[in-house]
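Novice:
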Amino acid sequence: MTGGEFVLSTIQGDPIMAISLASLKRSSALSSPRILVHGVAGVGKSTFASAAPNPVFILTEDGLGTLDIPHFPLARSFDDVMEALAALYSEDNDFRTVVIDSVDWLEPLIWARACKDNGWKSIEDPGYGKGYVAALDLWRQYIDGLNALRDEKGLTIIQIAHTEIKRFDSPEHDPYDRYIIKLHARAAALLQEHSDAVLFANYRISTVKSDVGFNKKVTRALGSGERVLYSAERPAFLAKNRYGLPDVLPLSWDAFASAMPQFQAQS
């Protein structure tokens, strides 16, 4: 038996197509980024996304305020969100960015659909976390829709999320608090893995210790109101990127785009 014949016969005894060196590929074109932005309330996440190239918003919460940006009607169900994604995919348009605002308000819509599909009164009904596992199938359908817009239509994807503070139990250190995405842990992990950049938006803060007498000191936070994006993970917050971005950037689309190879190539 030749080596090729051996390969063809080893996986469950069924013939398969052999992989050869002729199938090797190299990617020269840069795909549009998939960005997940989370941050404290009112820091300017929606404003940041609104400055992206020719955006359209899919709203699951009424959070645009005075921003005059094209947007679909407020989504009140998971199907509304998927229909908006389908419209962008199937109908002619010149949008270059789709913004989902926000994914943590999308989550209860997904839970409601999972409950409807399975006859549950609540996502907790099946017990042992089974409801949240079932919800992941709907999250994956949503992600498939985003990927189709990115891969086949060239749209940049921006997902906006609120943040919350939770204790992190580190295997190496004592537990500490950190900012995380305000989603169920399974859904948060899925969206983080899917995203090319997870950015944390916050105000730049420094701390000083002040002597208040009686051999006591208190720590006070000082801030100038400057808003920043963090692109690399730290103990205090979750972040990542696949582009070699600076660890800290101004919370400005122009500053972000100037550091991104995709947008540099377009300028």
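Counted from 1, the sequence shown has number 103 at position 103 by the UniProt record's numbering; the numbering is strictly sequential. Here a beta-carbon is modelled for each residue, glycine too, at the ideal position from N, C-alpha and C. Computed from a predicted model, the values in this text were never measured in an experiment.
Would the beta-carbon of Glu61 fall within 8 Å of that of Asp94?
Specialist: As a working note, residue 61 is residue 61 in the sequence shown. As a working note, residue 94 is residue 94 in the sequence shown. No, these two residues do not count as a Cβ contact at 8 Å.
Novice: Does the beta-carbon of Thr97 have 16 or more other beta-carbons within 10 angstroms, so that it is buried, or is it exposed?
Specialist: Counted from its first residue, the sequence shown places residue 97 at position 97. Burial call: buried.
Novice: Report yes if the C-beta distance between Leu36 and Ser231 is below 8 Å; otherwise report no.
Specialist: Locating residue 36 in the sequence shown gives position 36, counting from the first residue. Locating residue 231 in the sequence shown gives position 231, counting from the first residue. No, the Cβ-Cβ distance between Leu36 and Ser231 is not below 8 Å.
Novice: Hey, out of Gly154, Leu67, Trp105 and Pro235, whose CA is closest to Ala51's CA?
Specialist: Taking the first residue of the sequence shown as position 1, residue 51 is located at position 51. Looking at the Cα atoms, Leu67 is the closest of the given residues.
Novice: In whole angstroms, give me the CA-to-CA distance for Gly65 and Leu149.
Specialist: As a first step, residue 65 is located in the sequence shown; it is residue number 65 there, counting from the start. As a first step, residue 149 is located in the sequence shown; it is residue number 149 there, counting from the start. Each residue's Cα considered, the two are about 26 Å apart.
Novice: Please report the residue range of the alpha helix (DSSP H) in which Gly131 lies.
Specialist: The residue given as residue 131 occupies position 131 in the sequence shown. Gly131 -> alpha helix (DSSP H) spans Lys130 to Lys153.
Novice: Quick one, which of Val133, Val81, Arg167 and Phe57 has its alpha-carbon nearest Asn118's?
Specialist: For the purposes of this step, residue 118 is taken as the residue at position 118 of the sequence shown. That would be Val133, whose Cα lies nearest to the Cα of Asn118.
Novice: If you drop the 5 nearest sequence neighbours on each side, which residues of the same chain put their C-beta closer than 6 Å to that of Ala84?
Specialist: Position 84 of the sequence shown, counted from the first residue, corresponds to residue 84. These residues qualify, in order along the chain: Ile58 and Phe72.
Novice: Throw me the rounded Cβ distance for the Ala259 and Leu249 pair, which I believe falls under 8 Å.
Specialist: Locating residue 259 in the sequence shown gives position 259, counting from the first residue. Locating residue 249 in the sequence shown gives position 249, counting from the first residue. Yes, they are in contact, since the Cβ atoms of Ala259 and Leu249 sit about 6 Å apart, within 8 Å.
Novice: What separation, rounded to the nearest whole angstrom, lies between the Cα atoms of Ser77 and Leu21?
Specialist: Taking the first residue of the sequence shown as position 1, residue 77 is located at position 77. Taking the first residue of the sequence shown as position 1, residue 21 is located at position 21. Straight-line Cα distance between these residues: approximately 47 Å.
Novice: Report all residues from its chain with a CB closer than 8 Å to the CB of His184; omit the five preceding and five following residues, and keep chain order.
Specialist: Here residue 184 refers to the residue found at position 184 of the sequence shown. So the list reads Glu107, Tyr132 and Ala135, once near-sequence residues are dropped.
Novice: Considering only residues of the same chain and omitting the five flanking positions on each side of Gly225, which have a CB-CB separation below 8 Å?
Specialist: As a first step, residue 225 is located in the sequence shown; it is residue number 225 there, counting from the start. These residues qualify, in order along the chain: Tyr203.
Novice: For Ser9, which of helix, strand or coil comes out of DSSP?
Specialist: For the purposes of this step, residue 9 is taken as residue 9 along the sequence shown, with counting starting at 1. Caution applies to Ser9, whose pLDDT of 43 falls short of 50 and renders its modelled position unreliable; the model cannot decide the point.
Novice: Is Trp253 buried or exposed, if buried means 16 or more other CB atoms sit within 10 Å of its CB?
Specialist: Locating residue 253 in the sequence shown gives position 253, where the first residue counts as 1. Trp253 is buried by the Cβ-count criterion.
Novice: Could you give the distance in angstroms between the alpha-carbon of Phe200 and the alpha-carbon of Arg186?
Specialist: Stepping through the sequence shown from its first residue, residue 200 is reached at position 200. Stepping through the sequence shown from its first residue, residue 186 is reached at position 186. Each residue's Cα considered, the two are about 19 Å apart.
Novice: Quick one: what's got a C-beta closer than 6 Å to Ile181's C-beta in the same chain, skipping five residues either side?
Specialist: Taking the first residue of the sequence shown as 1, we reach residue 181 at position 181. Contacts found: His38, Ala161 and Ala188.
Novice: Look at the Cβ atom of Ile110, then the Cβ atom of Trp139, and state whether they are nearer than 8 Å.
Specialist: As a working mapping, residue 110 is identified with position 110 in the sequence shown. As a working mapping, residue 139 is identified with position 139 in the sequence shown. A contact, by the Cβ cut-off of 8 Å.
Novice: What does DSSP give as the partner residues of Pro160 in its beta bridges?
Specialist: Taking the first residue of the sequence shown as position 1, residue 160 is located at position 160. The displayed chain sequence assigns Ile, not Pro, to residue 160. Answer is Val37 and Asp101, bridged to Ile160.
Novice: For Asp80 and Glu193, I'd like the C-alpha separation in whole angstroms.
Specialist: Numbered from its first residue, the sequence shown carries residue 80 at position 80. Numbered from its first residue, the sequence shown carries residue 193 at position 193. Spanning the two alpha carbons is a distance of roughly 24 Å.
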